[in-house]
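A.B. asks: For the sequence shown, the residue numbers in this note's numbering are 37 to 406.
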Amino acid sequence: MTRPEATGRLTIDLTALRSNYRRLAVMAGNAETAGVIKADGYGIGATEAAQALSLDGCRTFFVATPDEARDVRACVPEAVIYVLDGLLPGTAPVFAEIDARPVLGSMPEIENWAGWCKAENTRFAAAIHIDTGMNRLGLSPGETIALATRDDLLRSFDPALVMSHLACADEPDNPMTQRQAEMFDELRSGLPVAPASLANSAGILASPRYHYDLVRPGIALYGGAARVGETNTMDGVVRLEGRIAQLRTVKAGATIGYGAAGRAARDTPIATVTIGYADGFFRTLGGCDTGAAAYIGDYRAPLIGRVSMDLITIDLSAVPPGLVERGAMVELIGPHAGVDDVAAGAGTIGYEVLTSLGRRVERHYLGREA
Ligand SMILES: *Cc1c(COP(=O)(O)O)cnc(C)c1O
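1. Classify S192: buried if its beta carbon has 16 or more other beta carbons within 10 angstroms, exposed otherwise.
2. Identify which residue in G169, E114, R336 and T96 has its Cα closest to the Cα of S200.
3. If you measure between the beta carbons of G322 and L339, is that distance less than 9 Å?
4. Pull up the distance between the alpha-carbon of N148 and that of A182, whole angstroms please.
5. Quick one: what does DSSP say F317 is sitting in, helix, strand or coil?
6. Please tell me whether, using a cut-off of 8 Å, the distance from the CB of L53 to the nearest non-hydrogen atom of ligand 1 is below it.
7. Looking at C-beta atoms only, is the number of pairs between the region 110–121 and the region 80–88 that lie closer than 8 Å three or more?
8. If you reduce the DSSP assignment to three classes, tell me which class L189 lands in.
9. Which residue comes first and which comes last in the alpha helix (DSSP H) that contains F131?
10. Report yes or no: do three or more beta-carbon pairs, one from the region 298–313 and one from the region 277–290, lie closer than 8 Å?
11. Using a Cβ-Cβ cutoff of less than 7 Å, which residues in the same chain neighbour V360 once the five nearest sequence positions on both sides are dropped?
12. To which residues of the same chain is G295 closer than 7 Å at the C-beta, ignoring the five residues directly before and after it?
13. I need the straight-line Cα distance from I48 to L402, nearest angstrom please.
14. Please confirm whether any heavy atom of ligand 1 lies closer than 8 Å to the CB of H400.
15. Answer yes or no: the CB of R159 versus the heavy atoms of ligand 1, is any distance below 8 Å?
16. How far does the beta strand (DSSP E) with I255 in it extend, from its first residue to its last?
17. Just grab the DSSP bridge partners of E68 for me.
18. Could you compute how far the alpha carbon of T213 sits from the alpha carbon of A364?
19. Within the continuous alpha helix (DSSP H) that includes L461, where are the two ends?
20. Ordered along the chain, which non-local residues of its own chain (more than five positions away) have a Cβ less than 6 Å from that of G394?
21. By how many angstroms is the C-alpha of G44 removed from the C-alpha of N236?
22. What do you reckon, are the CB atoms on G413 and A196 nearer than 9 Å?
23. Mark E414 as exposed unless 16 or more other C-beta atoms lie within 10 angstroms of its C-beta, in which case mark it buried.
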């Protein structure tokens, strides 16, 4: 039940999340399908996502930070958890305490982890991240070749995964993906034999060539489009709604909202809805041609005027008057306009829309078990 005072509602469909996971796992074939649940599970809730994915056999999770790893550890005790941001100085004991594995992306990190393992007399597991072109995290080709000769380091910990990250797999025709895979093959051949991982969501969809032993989908789990210009076959996971606070008719020629940026061409029925940019409904969705709209049933009510911090105004001209009432919920993200449609209107990507959602709205999970 939604509380009457809830000004917005975020409905998260864990059944859709799980069905997306199973679809990706089928595509991944023999490769293990992990779950990337960084940034609070792309905004939907990392612990809820981890628990739901576990039910379908997901046992390896990727988060960005040790704090995120701690939250996941608390709810999925048996999970293997990798921390993508790597090993910050002084944090090795924290990883051990959480039982999380750092994704080691530089020689100092590797030396640090090896030193800690020696001191503890335990070969703790970690991933080795090779940079094949992102130039963000990961060992350079030269460092990878040098590491291959460093038995002292490689023997002191358990290199449980060797991975790299694709820069352009979302662009179907970009030759960089293939080049990165070739470089990955060459560089990892010098390292101890370990399971390999290269593909994000886009890499999974691109080709089995990129699947290796473990795939790391994020955005596709959450229903977002991973590949530019291809049909997105994943199920939508989130639905954002706001409430109608007021109904009014604005006279022809009158303006609406900040900057007097909206103008009624004729006498126009307007609803003021209790969602704004502070709820993750981007301010850039205001203005004329963003395509942003609310939906009432199947009726479309375009945004009119700017997006305020807490409110938007929508034009009800095309909505039968009997369908709108004060206090009713209207859909802003959902089956009619998905995460990527809204992102396109806002001038951003689905990832940013998802991770900006829901600090103030009431959350409802569908399909939550136990
Ligand atoms: C975020 C991330 C992923 C998941 O990427 P998606 O595009 O969301 O599928 C995979 N691997 C690494 C290293 C990442 O940082």
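Heads up, the beta-carbon is just placed ideally off N, CA and C, and yes, glycines get one too. Note that the structure is predicted; figures quoted are calculated from it, not measured.
C.D. replies: Quick answer:
1. Walking along the sequence shown from the start, residue 192 turns up at place 156. Looking at its Cβ environment, which holds 16 or more other Cβ atoms inside 10 Å, S192 is buried.
2. As a first step, residue 200 is located in the sequence shown; it is residue number 164 there, counting from the start. Considering only alpha carbons, the answer is G169.
3. Here residue 322 refers to the residue found at position 286 when the sequence shown is read from its first residue. Here residue 339 refers to the residue found at position 303 when the sequence shown is read from its first residue. G322 is a Cβ neighbour of L339, given a cutoff of 9 Å.
4. Taking the sequence shown and counting its residues from 1, one reaches residue 148 at position 112. Taking the sequence shown and counting its residues from 1, one reaches residue 182 at position 146. The C-alpha of N148 lies about 16 Å from the C-alpha of A182.
5. Taking the sequence shown and counting its residues from 1, the one referred to as residue 317 is at position 281. Of the three classes helix, strand and coil, the one that applies to F317 here is coil, per DSSP.
6. The residue you call residue 53 lines up with position 17 of the sequence shown. No, since every heavy atom of ligand 1 falls outside the 8 Å radius drawn around the Cβ of L53.
7. Yes: the two stretches touch, three or more of their Cβ pairs being nearer than 8 Å.
8. If you number the sequence shown from 1, residue 189 lands on position 153. Helix, per DSSP.
9. Looking up residue 131 in the sequence shown gives position 95. Here the alpha helix (DSSP H) through F131 covers A128 to I134.
10. Because the criterion of three Cβ pairs below 8 Å is met, the region 298–313 and the region 277–290 touch.
11. Mapped onto the sequence shown, residue 360 falls at position 324. When the five nearest sequence neighbours on each side are left out, the beta carbons in the same chain lying within less than 7 Å of the beta carbon of V360 are those of I280, L283, A307, I332 and L352, in order along the chain.
12. As a working mapping, residue 295 is identified with position 259 in the sequence shown. So the qualifying residues of the chain are R342.
13. Here residue 48 corresponds to residue number 12 of the sequence shown, with the count starting at 1. Here residue 402 corresponds to residue number 366 of the sequence shown, with the count starting at 1. I48 and L402: Cα-Cα distance of roughly 6 Å.
14. The sequence position of residue 400 within the sequence shown is 364, counting from 1. No - ligand 1 has no heavy atom lying nearer than 8 Å to the Cβ of H400.
15. What you label residue 159 is simply residue 123 of the sequence shown in a count that begins at 1. No, the Cβ of R159 stays beyond 8 Å of every heavy atom of ligand 1.
16. Numbered from 1 along the sequence shown, position 219 holds the residue referred to as residue 255. Here I255 belongs to no beta strand (DSSP E), and DSSP marks it neither H nor E.
17. The sequence position of residue 68 within the sequence shown is 32, counting from 1. Answer is L250, bridged to E68.
18. Residue 213 sits at position 177 when you count from the first residue of the sequence shown. Residue 364 sits at position 328 when you count from the first residue of the sequence shown. Rounded to whole angstroms, T213 to A364 spans 47 Å at the Cα level.
19. No answer is possible for residue 461: the residues shown for the chain start at 37 and end at 406.
20. Within the sequence shown, numbered from 1, the residue matching residue 394 stands at position 358. So the qualifying residues of the chain are L46.
21. Here the question's residue 236 lines up with position 200 in the sequence shown. Here the question's residue 44 lines up with position 8 in the sequence shown. Roughly 32 Å separates the two Cα atoms.
22. This structure cannot speak to residue 413, because the chain is shown only from 37 to 406.
23. Nothing can be reported for residue 414, as the shown portion of the chain is limited to 37 through 406.
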